[in-house]
Every structure is written in C-alpha cells, then in structure tokens.
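Residue numbers (my numbering): 649 to 1596. Don't be surprised by glycine CBs; every beta carbon is placed ideally from N, CA and C. Below: one structure, written as structure tokens.
Pasting the structure below:
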C-alpha cells in the first residue's frame, strides 16, 4: 500500500547529546520587562502568574546566596506542576459499559431516528452510560489510572438527519447545563465524581467552546460554502463594515443584527428557537454565520464544521457565557479539569481571557491542581506550543508525540528521529509551563487506535509482534516526559480499520456488524462478548508500567535527557533524573527486531546501575568515561537505576550566550517569527538547570523560563512587542550543589513581521480575476497590507485597496481588464503599511491554465469510494470531473463518518501531487467527517483541494 508521509517535526542538526561543552539554548516564555516598553495590549505581570505559585512542586531554590552573590543571580529549578504524574484513562461513556438500560433511548422513544439509540449501528447511541463507568471503576483504577477523562457528556441533539448519525459522541451540544439523558443524570455524574475522589482519582471533562449542534440555518440555503471576510465583511447593525479582530474580546464590540451583519442570513426553525441552554446561545448574532469551513486559512477560524453552529468567539458575550458555563461545573460538581476541543480553530484572544479566568476561579474554589489542556491537531511544536506560551493555556495534547511514537514503535523508523523529536521540547518552556505537563497519547477517538496503526503498518506481522510493538509504544509513553493517556479499549487490544466511528467500539458486548469482525490483539476474544479482561497482556502491561512509575517518581517528572540514538532502527536511550534526589534512571527502548547493544552516556562514572525493568543483565557498571553498556531485546525496553545520587559539583560551570536570533521558519524547518531563540554554552558535563532571563536596557531582569536538559533552550515570545525593540538576555546556570554562575548579557531586537504570498501558486497560469492572498507572522489585528503588481518586468504599481482584515489579506486583480497577451509575466508582492516589510515575490503567467488529463481525490477514503484499497491515484471511482464554467475539478462522494486524509493526485500517479494549501508533495489534508455527502474541489491554478 502506498504510504503518504505525514507532516513530521523537522529534524534538528546536532552532535552528541551530552558533550563536554553542553549547548544550551533559550527563547521561549513570556518576556517580562518594564511596562513602559510594552504596548497596552502587551503589558505583562512582573512575577510569574498565579498558577506557578499554586502549582509548583519543584524542589525549593537554593536556600541562600553565596558570598558576594546577588539574590537575583541564584538560578531556579525547572518547573514541575502537580499535573506531571497523571495517568489518564480517556473514555467515551456511551461505549464503555451499560449500567442502566432504562436510559438507552434518552426518554425519546423507540424510533432510532428520533432517539438516536440503535445498538446495531456504530454512528448511534449504543447504550453505555455513567452508571456503567461507576460500576466498573475498579477495572479503571486497576490500570493505575489517576484521572478519568470523559468525552463531552452534555445534552446533545440526539439525531442530525443530514448526517444520518446520532450525538452519542457528545459534540452536538444543545444544553451545556445538563448531562445527556442517554448517559444519565447530573446526580449520577456527581456520584461518579465523588466515588473517584474517594479513591484518589480525578475526573476531567471534555468541553467545547467552538460550536454547538446544527440548529441555525441560512436563508440562502443549508450548509453553504464559506464566504471570506474580504468578500463580505462583518457589518454593524447600522450597516458599517468592520473587522471583528479589531474588537476581539472588547466591551465596545459593535452591535450586530441578524438581517444585516452577516454574509448569510441566519434563520431558526420555530420549534428550535429556544432549544439551546443557556438562553444566550439562542441569539443567532453570536455565531459567525459564514458557511462551512474547509479547515484551511481564515475559514478554519470562522467556518461551520459540517453545519455545526460556529460561535463568534471574538464576541465578549461568548467569552463571558462560556466562562460562566464551565465555572458552574467546577463549583457545583467538583470537576478537576478540562480537555478543550478544537482549540486551534478559536481566536487567540478567547484563550487569553478564558484560560486565566477559569483557572483563577478553580483555585478560588479549592481546586489548586485544576488543569486544562487543549486539542491542537498539528505535529509542529513551534505551532502547538503557541497555545501554552502566547495564549496562556496550561497544556495541549501532545499530537507531535503521537506521531513520533507511532513512527518509532510501529514503523521502526530511524531512532535518531526520536532523539530529534525530544530535542525540540524546549518550544514549550516558559515561566509558568513546560513540556512535562503535556498529556501524551498513542491514538484516540478521531484518528484511530494504536492497535489499528500497528496492524496497518505491519500487515505481515503475527499477533506476538503486534502485541510487542503495542507494549513498546506504551513503554515509551510511560517512561518519557508527559502525562500518559490510555484510550479505553487499547488495554484490551482493540484495533479497527480506521478512525472516528471505526475506533469507538464498545467494551461491553457489541451488536455492530462492523465491530464484530475486528481482529483484537493479544486475545482470541471478539467484540461479541464483554471485554473487561484484567488478565489481557496489554492490561497487565499498562498496570505494570503505571505501578513502576508510581514507585519511581522520576520516571514521571524527572528531567528527560536524551543520551543515545542508533543510526536507523535500534536503541533510543535517555535519562530521567529528579532534581531533588539526583538519582539517575537510564531508559533504553529498542524498535528493531533484533537485540541491540549500546554504550549509553550517563552523569556518573564507575557507578553500579541495577535493572528495575525489562529482560537484561541485573547489574551493570559505568566505565571511566561514564558510559553504561546495555543490551535491549527486540521491540522492548529496559530501565536501570543508579546506586546513588549524582556527585555534587564543587563549583558552578561557566556559561556563555550565543547571539540571540529569530526563531522564524526556514526552508527545512517550521518556526515562529514571533519568538527569539537564545543559545548558551555551559562548560560542564553534570546535571544542570539553566534559567534564561530578559529585560529591556535599564530594566529589571525577569525570568523567561528554566530548562533542565541539554540542549537547554526556550523560545521567547516577543510577538506583543514592537518590532525593533531592544531586548537583553542572560543565562544563570544552577548546578546540583546549589551553586550558580551567570553569563555576560547579549542583546537582540524584536524582528519585523514576515509577509508571505500564499496564492496564486508560483509558476501557475492565470487569467481573469486573480485572487492574491498574503499572511503575516506574527499575525496582529493592527496589520494593514497593500498589494502591488509588476507586468512584464515593469514597475510595481498598487492594486486594490489596503486590506486590514486579518488573519488573511486578500486582493482580487482583474487581469481581463488589462487586455494582456497570453504569456505575459505577472509578479505580485505585498507590503506592510507603516514599515519596510515586503513579502516574497510570486510570479505567474497570463493564459488559460492547461488542465491535466485527470485529478484524483487520493487518500484513506478511497476504499469507501469504491476503490480496491486506499491511496489509489489511478482509481477511477475517485476521479474528479472538470467544470469549464468555473474551471474547477469536482467530486461529490457519500462517505461514512470518520477521520480521513487525502491529497490531489494528477494524471493517475504520485509523480505530481498536491497537499495542504496546494503545496507540491505537501502534507496530507485531514477531513473530520460526520457522515453523508461531501464535495471535493480542486483548482489547478492554485493546486488547492478542499472538502466541504
């Protein structure tokens, strides 16, 4: 089967992981400097936010300064919050256990198209409920679970006929104050939470702030195409155009009118005008009303997800309303935390207000360990980390880890890729959070299960190998940094052919035909019977891993230092070291199918290390140069523990900064131009914690963040500062005896924004109206962009009006009016008003774009389209048809609900293909589909393919 590569975290060049002269880099938390240097929106506190003081469970800093040392030069320990040792169990209540058959139809009667209950269909309620969870809580706790994470459990629209599916999953909410009757009652939820608390476990809610159920229709038609803000801006109730980003979260947000303010006119069925609870959700002006999203560019923030009503999260009434909803669940039910759905599809200003307010409220109500993490479905750390740094949230789900873990454990890819992956963890380090807080996972209810990935990646493997790879993935997750998440059913070897509904099997006996033919790992059982087998090898393995980490806490929250990586498949080794007890644990995982031996660097020379996990020599001693020789069986892990602490250093090592530089993307790696990377060299080989500080000249030094593994770096968010602002940096290194040394400061200036022309595609052929689109990094609502054109190498001339409508800037150039001959070269560029910033130049040629012989929607959905297999570029069932009227290729397919990936393949092969944003050989495009018809459109001028 053809495998299209996913978007992976770029590899970072580097030498040995612990050289004699350790490379240390810094750049990531919020810059805390004198307020006079900051614009009004960027004024920051002069101390770490409240969550640091409330959560920090790191060892206390050194007790006193050495003689002649300033108190502010003492350094600090790397942050550890209470949520660095959680073991999550992620469960969909409808699919776990049926504890009360009386609520199966939610009180709506026997018709499945009314009640949504049909245990024979995977897209409908199957019968599980909160009582089932309560009845089986011993089973959940037996895995070593410390926190139960529930999929959304609020009252849903039972059935959306357009989708031929039911709201069993919880993402079609109509009442945010009530538990869905199919799952139970508010009182039954309280009983579950109380029982969990009595056992020392927490309960997390999966919450939604982005959308509600599909209730609003449009006068112009249902589930219509997206209309951009440049084509139809928002208008005040009096008809004046405005950009919502200029008012996001502000009290003076313009008054809106349903009849005049939106590109589509929202309408409500009289029977559903008061369907939603709380009542403010029934106001149609509190939704974006722009049509369906294609999950790319501007519309990924403003468009409806397959008709789901997309909330106007820039509006202060929505911010306040959502904040009140979720504070109520904290106050009245004692919920311990939230997983937040579709975080990347909501504007930054929402999170900057919502996160701190909800966290402060929880603390005021005795929830000192309250924790929130968001879903940011992306594998680039430079992007996912923006939500914990710039947007002030505590954590995000570690999608980059999921991708890296699959590549290592299931695909046996190069071990050095895993080393490079962990080296990039510094993107998350700031003054009040870091990578140790992130929940890590191997699969989920959207993308599919780890067992499914292993089966797909290793089609010829027997059951023993598949189980071994599954165990290896869990070993990597439990022994590396982060909070491990077990997706319900993975402990029973569940697989399935894909994501979404195919990954939502019941643990109780199923009647769904599609589930009954699944091949479970590690057992002869099927889904025709209950699967709560505590003797299953994967259940036993996960329990063992959780118990080992509980006995040795450094395996959960100790510093994660990469040590060794094989060339090709083989061993990746790393240390876990607690800052307080300073005992070193060496973990080695082997993804090859043969035993592997490696000499692993450690902190301690000539020291005995004893085996605490795995099948290997019981004892081993490090060499004179501190290397521990380990042999790891195939597809396995071993863990060794040092016999004592790391020797204390008598003097602190010298530290010197390299020149700070912009962390912008390069031709080979993703980045963030709103951050500055600062690098330092530490002259030593022991365990160090390096704190980076920043100030404006003459200001007070404020902490940027503390890192405890080489390369020690953070990526400092300066997006709120004016370009050209001078910033000074220094590094303070703290050794394991509490001694410090301080670098000489070095300076940098905040870089100018980077403008990039996104379309038309470079080298494309254009005619008629040409849409020119630019984006800015970092994006600010205050940006104003103008566009220019050059004809046949002539002078640059302005086209269209200045555009201040973020986050995408657009102009339409009418080339037909110029009467240009075919073959004329046209160049475009963008300029940022009030600055010298100029974009890249995009060159195109006038003329009718030659069309290919065929275009295929090629992807993981091909078998559902009638092709013999997935990723089939030559399958005629997936061929698109060319429409000469708008010069677009189109295909409408009726697909079952699921998560799919696809690209555009040209002329029936992979020789020419286009992915996300029209990029040649680009990353796969993700389609989360609720079921039913979906139309694909491909433009050969821009090479962009969309689904909606």
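Asked, Found
"Which of the three DSSP states, helix, strand or coil, is assigned to residue 841?", "helix"
"Terminal residues of the continuous beta strand (DSSP E) containing residue 856?", "Counting along the chain, residue 856 falls outside any beta strand (DSSP E), and DSSP gives it neither H nor E."
"Pick out the complete beta strand (DSSP E) segments inside the segment 1273-1301, 3 residues or longer, and give them in chain order.", "1275-1280 and 1284-1293"
"DSSP has residue 1309 in a bridge; who is on the other side?", "1325"
"Less than 8 Å between the C-beta atoms of residue 1003 and residue 1041, yes or no?", "yes"
"Are residue 978 and residue 1022 close, meaning C-beta to C-beta below 8 Å?", "no"
"What are the start and end residues of each continuous beta strand (DSSP E) run of 3 or more residues lying completely inside the segment 1236-1264, in chain order?", "1244-1249 and 1256-1261"
"Apart from the five residues on each side of it in sequence, which residues of its chain come closer than 7 Å, Cβ to Cβ, to residue 1010?", "978 and 1018"
"From the beta carbon of residue 1133, is the nearest beta carbon of chain B less than 8 Å away?", "This model lacks chain B altogether; it includes just one protein chain."
"Any idea what DSSP makes of residue 1087, helix, strand or coil?", "strand"
"Provide the residue span of the beta strand (DSSP E) that contains residue 1553, from first to last.", "1546-1554"
"If I measure Cβ to Cβ from residue 970 and keep anything under 6 Å in the same chain, skipping five residues before and after, which residues do I get?", "857"
"Round the Cβ separation of residue 1237 and residue 1212 to the nearest angstrom and send it over; I've been treating them as touching at under 8 Å.", "The pair is not a contact, with the Cβ atoms about 11 Å apart (cut-off 8 Å)."
"Using DSSP with H/G/I as helix, E/B as strand and the rest coil, what is residue 1051?", "helix"
"Let's test the definition: count the other Cβ atoms within 10 Å of the Cβ of residue 1199 and tell me whether it reaches 16, buried, or not, exposed.", "exposed"
"Please name the residue in 1523, 1425 and 1462 whose C-alpha comes closest to that of residue 1486.", "1425"
"Could you please give me the residues that DSSP links to residue 623 through a beta bridge?", "Outside the shown range of the chain, which is 649 to 1596, sits residue 623, and nothing can be said about it."
"Please go through the segment 1167-1202 and give each complete alpha helix (DSSP H) segment of 4 or more residues, from N-terminal end onward.", "1185-1199"
"Leaving out five residues on either side along the sequence, give the residues of the same chain with a beta carbon under 8 Å from the beta carbon of residue 895.", "901, 902 and 962"
"Would you call the CB atoms of residue 1071 and residue 1219 closer than 8 Å?", "no"
"If you compare alpha carbons, which of 916, 1202, 1251 and 1132 is closest to residue 1229?", "1202"
"Could you work out which residue in 1513, 800 and 1535 is closest to residue 1545 when comparing CA atoms only?", "1513"
"Could you spell out the range, first to last residue, of the beta strand (DSSP E) harbouring residue 1269?", "1267-1269"
"Kindly list the residues whose CB is nearer than 7 Å to the CB of residue 1208, restricted to its own chain and excluding five residues on each side of it in sequence; keep chain order.", "1070, 1128, 1129, 1222, 1224 and 1357"
"Tell me the residue span of the beta strand (DSSP E) that contains residue 794.", "No beta strand (DSSP E) holds residue 794; DSSP gives it neither H nor E."
"Roughly how many whole angstroms lie between the Cα atoms of residue 1147 and residue 1082?", "30 Å"
"Ignoring anything shorter than 4 residues, give me the alpha helix (DSSP H) runs that lie fully in the segment 1105-1153, in order along the chain.", "1111-1127"
"Cα separation between residue 1262 and residue 783?", "34 Å"
"Identify, in the order they occur along the chain, each residue of the same chain with its Cβ nearer than 8 Å to the Cβ of residue 700, setting aside the five sequence neighbours on each side.", "Because the pLDDT of residue 700 is 35, which lies under 50, any placement of that residue in the model is unreliable, and the number read from its coordinates should be weighed accordingly. Cβ within range, chain order: 727, 1079 and 1080."
"Could you tell me the boundaries of the beta strand (DSSP E) in which residue 965 lies?", "First-last for residue 965: 964-981, but that is the alpha helix (DSSP H), not the beta strand (DSSP E)."
"For my contact list, residue 764 and residue 807 are in at a C-beta cut-off of 8 Å; report their separation, rounded to the angstrom.", "5 Å"
"Please confirm whether residue 1535 and residue 1474 have their CB atoms less than 8 Å apart.", "no"
"With a threshold of 7 Å on Cβ separation, who are the neighbours of residue 1026 within its own chain once the five nearest residues in sequence on each side are excluded?", "992, 1032 and 1047"
"Rounded to whole angstroms, what's the CA-CA distance from residue 1565 to residue 1173? Just pull it up for me.", "44 Å"
"Count Cβ pairs between the segment 1438-1454 and the segment 1462-1473 that sit closer than 8 Å; are there 3 or more?", "yes"
"Using a Cβ-based criterion (distance less than 7 Å to any ligand heavy atom), does residue 1482 qualify as near the ligand FMN?", "Within the structure as shown, the ligand FMN is missing, as the structure has no ligands at all."
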